[in-house]
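Chains as they are written, first to last, in full-length UniProt numbering: chain B, 1 to 192; chain A, 1 to 500.
Let me begin by presenting the structure, written as structure tokens, before commenting on it.
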């Protein structure tokens, strides 16, 4: 079932489009005038390309039409019919929702795969520990075996979790590693 | 009825709630007109340029409450230039002169300045309620004036306005003796308000029932407020809007839990392409089968099928407002590659009380035939990127007897359709056509035939005011706005608006 726009088309289109901003940054609002005091250059050429699209749409090939429709759609004033302030606030909302979260990988010695957790959801070390225990309990084997939670910091050093204030930890933690067995016992100077 | 004394007739008219009913009875005979006009308290003006303010107030000397609308609806989508018009000042000035007992004022899509608000605030001692919807031109200074001078203010309701933040602590301007607030809505303001001031204001207004704050108010403050306003019925941060990120699955959850749902609006989070979690026709079908009371819908999506619309029509025959926006213009049914004529046809056939409809997707003249045939209650129709020929528009004008507002953009409708039934436009409030095929000649012909219509051409290209004489009648008009009026051409039109 063709939804009308292939995602490959969309990527190709986005790769070639001209826009302001650093490569890889989200595209800013397309140059739709927020007031329509700009000249008719926005209106007339758009109308021409829309006319072409209208003619093109009667042809069976959908891919080309869809692509050109998407290109011209971006320039069409007042489309989609959403108020500007709403467009802006929704995009902000979506960006916030997507940007939120401090996800780091968690590996455990002997576990066949890694996990990922969002450090922002935990209030402190206690909650983190409980969450990790819960997450990896299926791999514990003999219960109660010693383990140490370590993390790799910004400098790439392996650090023991718990030494620094929580906020400092979350801002410097790049990934977590749960070390088990003899290594852990040896490494733990003062157990938590 | 002429045997009854006037007081009795007036008392009977008291039972007429709507202004339409009152308008109707006032046309029956001179006696009724006389009684009705003297007793009308609430005056509604759907188009500020349809009549001069002085004439309104001369006819209704007892006016206590006034509601006026300005710009055409498509102004919401930036299709109308900023300084097109819709100024509140003439209405406020006229009321100052003739209706000093004014209590309530409601303005929608109008330009309101700080000076206007200042004049308003100082001029009406009994002023109780100010509602501004989608207005612009004012700042927090204007709000400060309202707060300062409207002693006894009960309602200040600001919905979706563009308000400049001049940093003024307008909320502090409510006097300590102001205890009358019943409803306060400043959700559309971007700036901060002083938490202590807000809490004290809430605490001293025992009748406060509705409070809508903006996002700048902190959670702590919200706690304080709720503690001090136990009789609040309505508390919020503006309207709740559903983003399409919830996806069809999310909508299915809504459908299974929100059985009382009457109105739903689903907005797109990404207007540039379908994300993995946008909504499709499935979500709409789920909603329609789960929410039988649904009567008002605004739904943005990337695709829609005829089958889904037919199912929705069967499930929900009670729609009064149905606005569907498929984000890609001319998008057909992805399963059948057909236009969506049959789907929308099913909607209008099934929903006999449909008052408002917005179309989208690939549509031929056929859908307009259906709308003209079945949508007998339809009052407002919005069309974009649809139709094949003039026939489409003619079907609408012929068939929709109750049509009041018709707005069309990017459709192949031209002079033949425009001039097919010119008298029709006097039965409607307004017609908007942009990026269609109507020509200057066609517009001139319409204006010539119908002196009680204002035919406005909006030209935004530079230099066209100089070329006015040189523009041929065959030139296609970019934006045309036609409305009935007894006020003649307006005297506040900017240079780029020509009234033919």
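We put the CB at the ideal spot given by N, CA and C, even for glycine.
The structure displayed is predicted, hence computed values, not measured ones.
Taking 4 residues as the minimum length, the alpha helix (DSSP H) runs contained wholly in the segment 380 to 441 of chain A are 390 to 399 and 415 to 418, in order along the chain.
Under the three-state reduction of DSSP output, residue 488 of chain A falls in the coil class, being neither helix nor strand. The shortest C-alpha to C-alpha distance from residue 205 of chain A to any of A/28, A/153 and A/135 is the one to A/153. If you compare the alpha carbons of A/418, A/177 and A/163 with that of residue 151 of chain A, the shortest gap goes to A/177. A contact between stretches requires three or more CB pairs, one per stretch, nearer than 8 Å, and the segment 256 to 266 of chain A fails this requirement with the segment 217 to 234 of chain A. Within 8 Å of the CB of residue 296 of chain A, no CB atom of chain B is found; the nearest one sits about 16 Å away. Per DSSP, reduced to three states, the secondary structure at residue 299 of chain A is strand. Taking a 10 Å sphere around the C-beta of residue 108 of chain A, we find 16 or more other C-beta atoms and assign the residue as buried. Selection A/381, A/294, A/359 and A/128 evaluated against residue 104 of chain A yields A/128 as nearest (Cα-Cα).
For the C-beta of residue 325 of chain A, the chain B residues within less than 7 Å are, from N- to C-terminus, 80 and 81. Look at residue 384 of chain A: its C-beta is under 9 Å from a C-beta on chain B. Nearest neighbour of residue 91 of chain A by Cα position, chosen from A/496, A/55 and A/380, turns out to be A/55. For the pair residue 287 of chain A and residue 299 of chain A, the Cα-to-Cα distance works out to about 11 Å. Contacts between residue 160 of chain A and chain B, judged by CB atoms closer than 9 Å, involve 83, 85 and 86 in chain order.
Contacts with chain B (Cβ-Cβ distance below 7 Å) from the segment 183 to 214 of chain A involve no residue at all.
Per DSSP, residue 89 of chain A is one residue of the alpha helix (DSSP H) stretching across 89 to 98. With respect to residue 132 of chain A, residue 158 of chain A sits close: the two C-beta atoms are nearer than 9 Å.
Taking 9 Å as the cut-off, the Cβ atoms of residue 443 of chain A and residue 455 of chain A count as close. Proximity of the segment 111 to 125 of chain A to the segment 51 to 66 of chain A falls short of the contact definition, fewer than three beta-carbon pairs being nearer than 8 Å. Taking a cut-off of 8 Å for Cβ pairs, the segment 75 to 90 of chain A and the segment 32 to 41 of chain A do not touch, as fewer than three such pairs fall below it. For residue 90 of chain B, the nearest CB of chain A lies under 9 Å from its own CB, placing it at the interface with that chain. At a Cβ-Cβ threshold of 9 Å, residue 166 of chain B and residue 384 of chain A do not count as neighbours. Contact annotation: in the segment 60 to 75 of chain A, residues whose CB is within less than 8 Å of a CB in chain B are 74. Residue 32 of chain A carries a helical assignment under DSSP once its states are collapsed to helix, strand and coil. Interface criterion not met: the Cβ of residue 470 of chain A is under 9 Å from no Cβ in chain B.
A straight line joining the alpha-carbon of residue 50 of chain A with that of residue 425 of chain A spans about 13 Å. For residue 141 of chain A, the closest C-alpha among the options A/69, A/172, A/160 and A/23 is that of A/172.
DSSP places residue 189 of chain A outside both helix and strand once states are collapsed to three, so it counts as coil. Only those residues of the segment 474 to 486 of chain A whose C-beta falls short of 7 Å from the nearest C-beta of chain B are listed: 478. For residue 77 of chain B, the neighbours in chain A by C-beta distance under 7 Å run, in chain order, 78 and 79.
The closest CA to that of residue 420 of chain A, considering only A/449, A/66 and A/313, is found on A/449. The beta carbon of residue 243 of chain A falls within 9 Å of a beta carbon belonging to chain B, placing the residue at that interface. Pairing residue 446 of chain A with residue 440 of chain A, the inter-Cα distance amounts to about 10 Å. Secondary structure at residue 472 of chain A: coil, using DSSP grouped into helix, strand and coil. For residue 314 of chain A, the closest alpha carbon among the candidates A/289, A/341 and A/337 is that of A/289.
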